[in-house]
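Taking UniProt numbering as reference, the numbering of the sequence shown is continuous, increasing by one, and the terminal residue is 439. Beta carbons: idealized from backbone N, C-alpha and C, even for Gly. Read through the structure below, which is laid out as structure tokens, and then see the notes.
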Amino acid sequence: MKKSTLAMAVALGVLAQQAGAAGFIEDSKASVSSRTLYFNNDNHETGSEDLRETGTGLKFDYKSGFTQGTVGFGIDAQALVGIRLDGGRGRNAGSYMPADTNGSAVHEWSRLSGNVKALFSKTEAHLGGALAPNLPILVANDSRLLPQTFEGGTITSKDLDNVTFNAGQLEHATGRASSNSTGLAVAGGTEESNQFRYAGADWKVTKDLTLQYYYANLQDYYKQHFLGAVHVFPISEGQSFKTDLRYFDSSSDGRNGDAGYRFNNNNGYAKTPGEVDNKTWSAMFTYTLGGSAFLLGHQQVGDDGGFVYLNQGNVVDSNGRPEGAGGASFYLFTDSMINGFVRAGENTTFGQYSYDFASLGVPGLKAAVSYLRGDDVKTASGTSEYSEWERDMRVDYVIQQGALKGFGTTVRHGSYRSSGVGDDQDQTRVIFNYTYNFM
1 MKKSTLAMAV ALGVLAQQAG AAGFIEDSKA SVSSRTLYFN NDNHETGSED
51 LRETGTGLKF DYKSGFTQGT VGFGIDAQAL VGIRLDGGRG RNAGSYMPAD
101 TNGSAVHEWS RLSGNVKALF SKTEAHLGGA LAPNLPILVA NDSRLLPQTF
151 EGGTITSKDL DNVTFNAGQL EHATGRASSN STGLAVAGGT EESNQFRYAG
201 ADWKVTKDLT LQYYYANLQD YYKQHFLGAV HVFPISEGQS FKTDLRYFDS
251 SSDGRNGDAG YRFNNNNGYA KTPGEVDNKT WSAMFTYTLG GSAFLLGHQQ
301 VGDDGGFVYL NQGNVVDSNG RPEGAGGASF YLFTDSMING FVRAGENTTF
351 GQYSYDFASL GVPGLKAAVS YLRGDDVKTA SGTSEYSEWE RDMRVDYVIQ
401 QGALKGFGTT VRHGSYRSSG VGDDQDQTRV IFNYTYNFM
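Below is the structure:
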């Protein structure tokens, strides 16, 4: 990570001159987090491989405050270590743990990265390789042992009241199961792009209404516009109704469609194979009453092609071997435990019920069950339409007091079935999380 190393060097130069500056040390935060994950994916298709792995991820984070002055400077540092616990060789690697040259999962991997940062008024800039955006046009993935991170520069400004501006350029990504960074791509793309630019804003019109607009461009792959609106209607104390609307308009850019720059349209239909051409809208409505939350929504993916998002899963190295950079998230309600429901023509209706047991005197305990069904899924040939569904359940508990305060346990189980567009699967995850804050 060349830019990350450079960023760290610049930051150390700043600290050498201003190490004693008030705010830099006083506002610093340091923590170490552990995540142990048991992952069991039972693939029901003949000839398909199951995945059963157990591992632990350790993450050390240091975030300084800012030096004094008109422009304040600071540094963020991050060290990550992944350890395979169940031993043995064979089994599937790639999206869970890195693979060695013969394709077997390694027993340990690590990486070190950091950012320099600057603060002017209410505008904050970050430059480095430990970026983890959470925006409508890009969501960093954190669903396995270690988080996905990005390298580049970002700016966030809150100088205008009730408006948050975000802009940036990202050039590389490090996958959740990788020690090295790669360029950027989409599903099916084997060639790397080193320029993902974005800009947008969140405008809090009132305390209950937020409007959003973002634009993103992955050079030689796609351009994307996003519009969003979130409104919360308070009915009474402990009772509310939330409306969340999202719309994406994506189109081809540059060399998209050429060899190496082809989008696989999520293995579904495309009006122009290999190219990005999609409009997707979704609406979600949530009624909250005490500890209960009832969610119902619908999503429609356009007929011309699948929904597109950053995905480096098919990027290969100079020898043609996969880089192991798989694993991606996206800003749609259907980004579920196993499936994404983002193929051309797909109409998905989904619902969820969740309960927070704090209302019954058991703080820290939560449970949820959800169901999604997608119909009208177009195959790659466009001659047939299929359906698919997924049912997910989860229970979370975080200890609220005592020596183990903050220790969390999550149990998740999902079942996915389709009539011909994907492999039938049952997946179970058991996760133990704990974070210790030094300062």
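Item                                                                                                                                                : Value
Does the region 273-293 come close enough to the region 315-322 to have 3 or more Cβ pairs within less than 8 Å?                                    : no
Excluding the 5 residues flanking K59 on each side, which residues of the same chain have their C-beta closer than 6 Å to its C-beta?               : S33, L80
List the residues that DSSP assigns as beta-bridge partners of P322.                                                                                : V316
Between the C-alpha atoms of A398 and H126, what's the straight-line distance to the nearest angstrom?                                              : Strictly speaking, residue 398 in this sequence is Val, with Ala absent from that position. Taking the straight line from one Cα to the other gives about 32 Å.
Thinking just about the alpha-carbon of each residue, which of Q425, S415, Y386, S292 is nearest to the one in N43?                                 : Q425
Can you tell me whether DSSP reads S181 as helix, strand or coil?                                                                                   : strand
Which of the three DSSP states, helix, strand or coil, is assigned to F357?                                                                         : helix
What residue ranges within the region 252-336 form continuous beta strand (DSSP E) runs of no fewer than 3 residues, ordered along the chain?       : 277-289, 292-301
Leaving out five residues before and five after G88 in sequence, what residues of the same chain have Cβ atoms less than 7 Å from its Cβ?           : Since pLDDT at G88 reaches only 44, below the 50 mark, its modelled position is unreliable, and no value is offered.
According to DSSP, V396 sits in a beta bridge with which residue or residues?                                                                       : The question names Val, but residue 396 is Asp in the sequence shown. DSSP lists K366, T410 as partners of D396.
From K242 to G361, what does the alpha carbon distance come to, in whole angstroms?                                                                 : 25 Å
Got a sec? Which residues, its chain only, sit under 8 Å from G420 by beta carbon, not counting five neighbours each side?                          : T379, S384, Y386
Within its chain, find whatever has a CB closer than 8 Å to the CB of Y215; leave out the 5 residues flanking it on each side and keep chain order. : I137, Y198, A199, G200, K223, Q224, H225, F226
Using CA atoms only, rank isn't needed, just tell me which of T272, G291, G168 is closest to D304.                                                  : T272
Apart from the five residues just before and just after N437, which ones in its own chain have a Cβ nearer than 6 Å to its Cβ?                      : S31
What are the start and end residues of the beta strand (DSSP E) that includes S157?                                                                 : 149-157
To the nearest angstrom, how far is the alpha carbon of G260 from that of K366?                                                                     : 44 Å
If we ignore side chains and look at the alpha-carbon of each, how far apart do Q427 and S381 end up?                                               : 29 Å
CB-CB under 6 Å to F196, same chain, minus the five flanking residues each way: which ones, in chain order?                                         : L170, L184, L218
Would you give the residue range spanned by the beta strand (DSSP E) that Y214 belongs to?                                                          : 209-218
Buried or exposed for G90, going by 16 or more other Cβ atoms inside 10 Å?                                                                          : With a pLDDT of only 46 at G90, under the threshold of 50, the placement of this residue in the model should not be trusted; the figure read from the coordinates follows. Label assigned to G90: exposed.
Alpha carbon to alpha carbon, how far is N141 from G268? Give it in angstroms, no decimals.                                                         : 23 Å
Could you tell me the alpha carbon to alpha carbon distance between L211 and M284, rounded to whole angstroms?                                      : 15 Å
When the distance is taken between beta carbons, is G82 closer than 8 Å to G55?                                                                     : yes
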